[in-house]
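Residue numbers (my numbering): 10 to 153. Where is the CB? At the ideal position from N, CA and C, for every residue including glycine. A short worksheet on the structure shown next.
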């Protein structure tokens with residue numbers, strides 16, 4: 010995945026870059042007012058000697074992005090469904106009235122607990138995948 014961004018600042022070997030997110034219609038629709046997508050700020054290692062105002066090409070490793078997307082969305086959803094299914098079986102076998110409500114609450118608790126798991130995964134994998142995104146080249150230098 011390749012995107013362009015504008016360098017906002019450079020400090021201690023790290024560049025802060027504003028990357029415009031792409032809307033669902035790719036920003037080409039002039040008739041709707043829904044295309045105002047906010048910018049995403051990322052900090053990347055400055056291997057190119059960039060200066061504030063430079064336009065740079067940013068490359069992301071698609072495999073790693075997909076892996077983290079699956080983790081981010083898959084773990085909470087899986088634990089939510091698993092919490093509901095297991096507790097529904099548990100409460101249903103014991104003849105508990107309103108076992109659907111209790112099962113849903115257990116699913117919500119499992120969903121919330123999944124963020125503790127994601128926090129631990131992020132701590133372990135965060136430093137290992139520091140180069141998930143990097144600046145590939147300077148597209149346009151700010152001329153002063």
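Residue 130 sits in a helix when the DSSP states are folded into three classes. Beta-bridge analysis with DSSP links residue 86 to no other residue. The alpha carbon of residue 142 has as its nearest neighbour, out of 71, 64, 16, 48, the alpha carbon of 71.
For residue 55 and residue 111, the gap between their C-alpha atoms comes out near 52 Å. Residues of the same chain with a CB within less than 6 Å of the CB of residue 115, apart from the 5 flanking positions on each side, are 92, 96 in chain order. Counting the other CB atoms within 10 Å of its CB gives residue 102 a total below 16, which places it among the exposed residues.
The residues 66, in chain order, have a CB closer than 6 Å to that of residue 146 in the same chain once the five nearest residues on each side in sequence are set aside. Residue 100 places its beta carbon 8 Å or farther from that of residue 119. With a cutoff of 8 Å on beta-carbon distance, residue 15 and residue 27 are scored as near each other.
For residue 103, there is no enclosing beta strand (DSSP E), since its DSSP letter is neither H nor E. Per DSSP, the unbroken beta strand (DSSP E) holding residue 12 starts and ends at 11-20. In the three-state reduction of the DSSP assignment, residue 28 falls in the strand class.
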